[in-house]
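Down below is the structure, laid out as structure tokens.
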Amino acid sequence: VLGATHVEIEHHLEMGRKLLAAGQLAEALSHYHSAVEGDSKNYLTYYKRAAVFLAMGKSKSALPDLTRAIQLKPDFLAARLQRGNILLKQGNTEEAREDFEAVLQRSPDHEEAQDQLLRANELEELQREAHAAYHQGDYSATITVLERVIEISPWDPESRELRAECYIRMGDPQKAIQDLTPATRLRNDNRAAFLKLSMLHYSLGEHHESLNHIRECLKLDQDDKECFSHYKQVKKLSKQLDSAEELIDMERYQEAIDKYESVMKTEPNVLYYTNLAKERICFCFVKMKLAPEAIDVCSEAHQRDPRNANVLRDRAEAYILNQEYEKAVEDYQEAKEFDGDSIDIKEGLERAHKLLKISRKRDYYKILGVNRNANKQEIIKAYRKLAQQWHPDNFQSETEKKEAEKKFIDIASAKEVLTDPG
């Protein structure tokens with residue numbers, strides 16, 4: 482397009498204007514590129530291209546165009562104001578102030594420039610305040626000040642990174658992630674933020690997200706030692722975890738147990754992974770119908786993570802295998818408190834109740850000394866005979882009386898359950 486005629490340049494500018502008005506930003510940008518190449522001395526062309534970049538959310542690309550427009554026409558106040566606004570949003574108070582002051586020098590009553598200059602001064606004061614609070618270790622106060630800082634300068638990665646650091650120190654990694662994620666897009670080379678993000682996700686057990694972020698760091702520099710070292714660890718662990726779950730899907734439970742044992746060796750320091758490994762080993766033992774082993778591991782997993790409904794559900798199943806129905810009912814009831822919507826848990830609880838009832842009935846026939854197919858009359862007859870025999874009034878000594886009371890209650894319960902039509 483070099484050496485393009487005046488008519489061609491006008492055509493590109495007109496097309497760019499129409500497409501920008503229609504919201505077709507990529508096409509508009511293409512025409513402005515051609516116009517700039519055709520006439521690199523026209524300040525307005527740079528300014529218009531900057532407007533397209535801004536409409537596309539690419540403020541970093543708009544800055545050089547605004548600067549070029551100002552170089553070509555130093556008294557171009559609209560470009561100065563626009564550049565000052567971008568610099569302010571990027572948290573660059575010093576350069577932003579210069580632009581607003583330059584506008585006010587030529588146009589002292591310019592309201593927007595006056596307002597923005599006040600904001601630049603306020604931002605500088607707030608930045609100082611935030612750093613002072615941070616160095617005093619008052620992270621809560623730092624966060625409060627940074628709320629306003631980020632409101633004025635949403636494109637400043639530094640304030641988001643500082644707030645993320647406060648959240649980390651206050652033990653809130655989720656909020657730190659929310660700040661670091663946009664921060665990675667606000668710098669051209671933000672390996673440090675990608676590494677920190679990866680480590681935060683890793684510590685929360687989100688190994689796939691961790692892997693994605695550390696790969697982004699290596700895309701920026703494949704020789705980055707810190708990122709590469711962390712990448713190797715995450716990749717190894719992530720592969721083991723995925724492989725263990727695939728083995729469970731294939732019902733290869735012993736191999737899955739071995740794989741989860743490896744997970745605990747690969748990452749012994751992050752609680753999440755050990756807890757997960759114990760939970761899944763407990764599940765595998767239940768599937769293998771190895772009740773004592775399952776009860777042991779599930780109990781350890783429950784101690785580590787008392788509110789985990791899956792562990793309680795699996796231990797309940799292990800108790801059922803072991804014919805300890807009362808314990809199974811207890812575990813299922815507790816699991817239901819933590820996960821009331823689970824159909825698995827509701828059905829499991831019903832099943833455990835039924836099995837408990839059946840097992841108790843078996844014991845009740847034994848207590849009354851009747852066959853399991855005895856009818857109601859036979860049951861009542863046996864009950865009356867035994868109730869007479871074991872009535873506490875028939876016994877003199879305290880120990881005998883207590884023993885009789887217990888028997889008497891058991892006999893009454895047996896009659897109650899066995900004659901109950903439900």
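Residue numbering for the sequence shown follows this note's numbering, beginning at 482 and increasing consecutively.
Virtual Cβ for every residue (Gly too), placed ideally from N, Cα, C.
**Asked** Would you say ASP891 and ILE861 are within 9 Å of each other, going by their C-beta atoms?
**Response** As a working mapping, residue 891 is identified with position 410 in the sequence shown. As a working mapping, residue 861 is identified with position 380 in the sequence shown. For ASP891 and ILE861, no; Cβs fall outside 9 Å.
**Asked** At what residues does the alpha helix (DSSP H) containing MET680 begin and finish?
**Response** Residue numbering aside, residue 680 sits at position 199 when the sequence shown is read from its first letter. 672-684 is the span of the alpha helix (DSSP H), which, as asked, contains MET680.
**Message:** Suppose you measure from the CA of MET731 to the CA of GLN804; what does that come to, to the nearest Å?
**Reply:** To locate residue 731, count along the sequence shown from 1; it is residue 250. To locate residue 804, count along the sequence shown from 1; it is residue 323. Computed Cα separation, rounded: 28 Å.
**Asked** Mind checking ALA613: buried by the 16 CB within 10 Å criterion, or exposed?
**Response** Along the sequence shown, one-based indexing puts residue 613 at 132. ALA613 comes out exposed.
**Message:** Short of 6 Å in beta carbon distance, which residues of its chain neighbour GLU495, apart from the five on each side in sequence? Order them along the chain.
**Reply:** As a working note, residue 495 is residue 14 in the sequence shown. Nothing listed; no residue qualifies.
**Asked** What is the rounded straight-line gap between the Cα of LEU501 and the Cα of HIS514?
**Response** Sequence index remark: in the sequence shown, residue 501 carries index 20 (1-based). Sequence index remark: in the sequence shown, residue 514 carries index 33 (1-based). The straight-line gap from Cα to Cα measures roughly 13 Å.
**Buried or exposed by the 16-neighbour rule on C-beta atoms within 10 Å, applied to SER878** = As a first step, residue 878 is located in the sequence shown; it is residue number 397 there, counting from the start. Burial state of SER878 is exposed, judged by a 10 Å Cβ sphere holding fewer than 16 other Cβ atoms.
**Request:** Can you tell me which of ARG600, ASP901, ARG672, TYR648 puts its alpha carbon nearest to the alpha carbon of ALA622?
**Result:** Stepping through the sequence shown from its first residue, residue 622 is reached at position 141. Closest option to ALA622, judged by alpha-carbon separation, among ARG600, ASP901, ARG672, TYR648: TYR648.
**Request:** Please go through the same chain and pick out, in chain order, the residues whose beta-carbon is closer than 8 Å to the beta-carbon of LYS882, but skip the five residues on each side of it.
**Result:** For the purposes of this step, residue 882 is taken as residue 401 along the sequence shown, with counting starting at 1. Closer than 8 Å at the Cβ level, and outside the excluded window around LYS882, lie PRO873, PHE876.
**Message:** I'd like the list of long-range same chain contacts for LYS896, defined as Cβ closer than 6 Å, with 5 residues on each side in sequence excluded.
**Reply:** Here the question's residue 896 lines up with position 415 in the sequence shown. For LYS896, where only same-chain residues beyond five positions count, the Cβ hits under 6 Å are TYR864.
**Item:** C-alpha gap between ARG668 and PRO638, whole angstroms
**Value:** Residue 668 sits at position 187 when you count from the first residue of the sequence shown. Residue 638 sits at position 157 when you count from the first residue of the sequence shown. Rounded to the nearest whole angstrom, the C-alpha separation of ARG668 and PRO638 is 7 Å.
**Prompt:** Can you tell which of LYS759, ASP705, ASP556 has its C-alpha closest to the C-alpha of LEU525?
**Reply:** The sequence position of residue 525 within the sequence shown is 44, counting from 1. Per the Cα distances, ASP556.
**Item:** Sequence-distant residues of its chain with Cβ nearer than 6 Å to MET984 (five each side left out)
**Value:** For residue 984 there is no data in the structure shown, the boundaries of the chain being 482 and 903.
**CA-to-CA distance, ARG796 to SER823, given in whole angstroms** = What you label residue 823 is simply residue 342 of the sequence shown in a count that begins at 1. What you label residue 796 is simply residue 315 of the sequence shown in a count that begins at 1. Using only the alpha carbons, I get a separation of about 16 Å.
**Message:** Suppose contacts are defined by Cβ-Cβ distances below 9 Å. Is ALA611 in contact with VAL630 by that definition?
**Reply:** The residue labelled residue 611 in the question sits at position 130 within the sequence shown. The residue labelled residue 630 in the question sits at position 149 within the sequence shown. The answer is yes: Cβ separation under 9 Å.
**Item:** Expected contact under 8 Å - CB spacing of LYS529 and GLY497 to nearest Å
**Value:** The count along the sequence shown starts at 1 and reaches residue 529 at position 48. The count along the sequence shown starts at 1 and reaches residue 497 at position 16. The beta-carbon separation of LYS529 and GLY497, rounded to 6 Å, stays under the 8 Å limit for a contact.
**Asked** Around the Cβ of ALA509, are there at least 16 other Cβ atoms within 10 angstroms (buried) or fewer (exposed)?
**Response** By 1-based counting over the sequence shown, the position of residue 509 is 28. Around the CB of ALA509, 16 or more other CB atoms lie within 10 Å, so the residue is classed as buried.
**Request:** Taking all protein chains shown into account, decide if LYS665 is buried (16 or more other Cβ within 10 angstroms of its Cβ) or exposed.
**Result:** The count along the sequence shown starts at 1 and reaches residue 665 at position 184. Rather than Lys, the amino acid found at residue 665 in this sequence is Thr. Taking all protein chains shown into account, THR665 has 16 or more neighbouring C-beta atoms within 10 Å of its C-beta and is therefore buried.
**Message:** Could you give the first and the last residue of the continuous alpha helix (DSSP H) run that contains ARG666?
**Reply:** As a first step, residue 666 is located in the sequence shown; it is residue number 185 there, counting from the start. Counted as a single uninterrupted DSSP element, the alpha helix (DSSP H) harbouring ARG666 occupies residues 654-667.
**Item:** Exposed unless 16 or more other CB atoms sit within 10 angstroms - verdict on VAL482
**Value:** For the purposes of this step, residue 482 is identified with residue 1 of the sequence shown, where counting begins at 1. Caution applies to VAL482, whose pLDDT of 43 falls short of 50 and renders its modelled position unreliable; the value that the coordinates give is listed next. Answer is exposed; the Cβ neighbour count stays below 16.
**Request:** Take the Cβ of ASP901 as the centre, count every other Cβ of all protein chains shown within 10 Å, and call the residue buried at 16 or more, exposed below.
**Result:** As a working mapping, residue 901 is identified with position 420 in the sequence shown. With fewer than 16 Cβ atoms within 10 Å of its Cβ, ASP901 is classed as exposed.
**Asked** Where does the unbroken alpha helix (DSSP H) through VAL751 begin, and where does it stop?
**Response** Against the sequence shown, residue 751 aligns to sequence position 270. Unbroken run through VAL751: none, as it is neither H nor E.
**Asked** So, are the CB atoms of CYS763 and VAL792 less than 9 Å apart?
**Response** Translated into the one-based positions of the sequence shown, residue 763 becomes position 282. Translated into the one-based positions of the sequence shown, residue 792 becomes position 311. A contact, by the Cβ cut-off of 9 Å.
**Request:** Return helix, strand or coil for MET745, following the three-state DSSP convention.
**Result:** Residue 745 sits at position 264 when you count from the first residue of the sequence shown. DSSP, reduced to helix, strand and coil, places MET745 within a helical segment of the structure shown.
**Message:** Residues in the same chain with beta-carbon distance under 6 Å from VAL767, minus the five sequence neighbours each way, listed in chain order, please.
**Reply:** On the sequence shown, position 286 is the one that residue 767 refers to. Hits under 6 Å: ALA775, ASP795, GLU798, ALA799.
**Asked** Nearest to LYS888 by CA position, among ARG641, ASP844, GLU576, GLN858, is which residue?
**Response** If you number the sequence shown from 1, residue 888 lands on position 407. When each option's Cα is compared against that of LYS888, the closest is ASP844.
**Asked** What's the call for LYS499, buried or exposed, on a 16-neighbour Cβ count within 10 Å?
**Response** Along the sequence shown, one-based indexing puts residue 499 at 18. The residue in question, LYS499, is exposed, as its Cβ has fewer than 16 Cβ neighbours within 10 Å.
**Request:** With DSSP collapsed to three states, give me the class of GLY850.
**Result:** For the purposes of this step, residue 850 is taken as the residue at position 369 of the sequence shown. The three-state reading of DSSP puts GLY850 in coil, since its state is none of H, G, I, E or B.
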